[in-house]
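For the sequence shown, numbering that gives the first Met the number 0 begins at 0 and goes up steadily by one.
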Amino acid sequence: MSLTFGLAVMNDFPPGTVAADRIAMLREQVRAARASGISSIWVLQHYLGNMPTLQPVALLAALAQDAGEMRLGTNMFILPLRHPVEVAEEFSTLDHISGGRAIAGFGMGYRENEFDSFGIAMGDRVGRYEESIEVIRRLWSGEPTTFHGDHFRIESQSISLEPVQRGGPPIWVGAGPHKTGAHRAARLGDAWIVPPHVPPERLGVLHGHYLAERERLGRGAGSGLVVRRELVLDEDRDRARAIGIEARGALTRKYAAFNAPQGGDYRHLRTDRAAAEVADASYLFTDPAGAVTALKELEAQGVTYVVLRAQWYELRQEQVLKTLDLFRREVLPAFR
């Protein structure tokens, strides 16, 4: 099966940006991605950060008409900070607005200021996350739900709005690039979304952990391994690298103001040099031929879905549209 591609659009902006001024640009990017043969649109979530951030579900609903037949997903929705009843209803609403094309990408979150401000202990993340997924799946079944957990309690309640997709939107788990994360994704999710900084040689090991755990649980292969990759394309490979490292590096420095996620290798958050090394090892800041080679290597490792991000911080709209055009003309045909 050929690779399937998604596009993560930028919904966190440089300080001082009026997010309302970016909506038309986001719509243009979605339409360009649609024309480029990309099959899904993704947005992230953070609260109380150092960059103005449009919240994901409302934004995806606003982009649904531009997306047409494309799927709409969160990468990632911070599940432990919300009540599962609210989340189930919210994503069911998105599923109706999108005509049954929602994907629920759920992550655990990692920023201490978010958890402190919500009054939720970081130590409760895993428990709340796992209970929430169970409650959400039960509610999406349409059957009356009774659940008594350590964090949530529901007595014989049914969701008011059953999703369009039978059983609800697929749940894609965001988990750290380590064995524990692989096992959590295998147990709870329909697919595993792996962070963009994981090098190709590490992916094979992680995929092995994921598949072995799914087999042990009798869950089959699921939707497979979903890998995120940063993408800048230019006819000149060195110029693409310079553009990508400058723009992604600016974003990395803003993210580094917060505590790093627990587990995994997040050294790109520590120094500019480490960020450049990670970019060279894992990101696609290259010419179209280089992108084809790197993506073919991922495909050979069993990756089934790649979510690309082509804009960070102050990278201009013109460069994003150029990347999408080169992707459509010179990269995508290699996977059809």
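Ideal Cβ placement from N, Cα and C applies to all residues, glycine included.
Everything numeric in this text was worked out from a predicted model, so none of it was measured.
**Prompt:** Terminal residues of the continuous alpha helix (DSSP H) containing L216?
**Reply:** 199-216
**Prompt:** Should R152 go down as buried or exposed, given a rule of 16 or more other Cβ atoms within 10 Å for buried?
**Reply:** exposed
**Message:** Using C-beta distances below 8 angstroms, list every residue in its chain close to G99, excluding the 5 sequence neighbours before and after it, in chain order.
**Reply:** P162, V163, Q164
**Message:** Using the three-state DSSP reduction, which class does Y254 fall into: helix, strand or coil?
**Reply:** helix
**Item:** Sequence-distant residues of the same chain with beta carbon closer than 6 angstroms to A249, five excluded per side
**Value:** Y312
**Nearest to S90 (by Cα), restricted to the options V56, H82, D115** = Sequence check: residue 90 is Phe here, not Ser. Closest by alpha carbon: V56.
**Request:** Starting from I102, trace the alpha helix (DSSP H) both ways and give me its first and last residue.
**Result:** Counting along the chain, I102 falls outside any alpha helix (DSSP H), though it belongs to the beta strand (DSSP E) covering 101-106.
**Asked** Are the Cβ atoms of E212 and R186 separated by less than 8 angstroms?
**Response** Yes, these two residues count as a Cβ contact at 8 angstroms.
**Request:** Have a look at E133 and T144 and give me their C-alpha separation to the nearest angstrom.
**Result:** 10 angstroms
**Prompt:** Taking C-alpha atoms, which residue in H182, F76, R252 lies nearest to L224?
**Reply:** H182
**Bounding residues of the beta strand (DSSP E) (the contiguous stretch that carries I158)** = Premise fails: I158 is in no beta strand (DSSP E) and is neither H nor E.
**Inter-residue spacing [alpha-carbon to alpha-carbon] between A288 and P260** = 33 angstroms
**Request:** Grab me the residues of A66's own chain with a C-beta within less than 7 angstroms of its C-beta, minus the 5 sequence neighbours each way, in chain order.
**Result:** V29, R33, I40
**Message:** What does the Cβ neighbour count give for A246, buried or exposed, with the cut at 16 atoms within 10 Å?
**Reply:** buried
**Request:** Tell me whether H147 sits in a helix, a strand or coil according to DSSP, three-state version.
**Result:** strand
**Asked** From what residue to what residue does the alpha helix (DSSP H) around L232 run?
**Response** Here L232 belongs to no alpha helix (DSSP H); instead the beta strand (DSSP E) covers 224-232.
**Message:** Closest to D11 by C-alpha separation, out of D115, T3, Q44, would be which residue?
**Reply:** Q44
**Request:** Let me know the alpha helix (DSSP H) ranges lying completely inside the stretch 18-60, each 4 residues or longer, listed in chain order.
**Result:** 22-34
**L294: first and last residue of the uninterrupted alpha helix (DSSP H) it sits in** = 287-299
**Pair within 8 angstroms by beta-carbon distance, I102 and P168** = yes
**Same chain, Cβ closer than 8 angstroms to R70, neighbours up to 5 away in sequence not counted** = G5, S38, S39, I40, S97, R100, A101, I102
**Message:** For a quick check, are the C-beta atoms of F284 and A293 less than 8 angstroms apart?
**Reply:** no
**Request:** Could you say which of L47, D237, L307 lies nearest to S35 if we only look at CA atoms?
**Result:** L307
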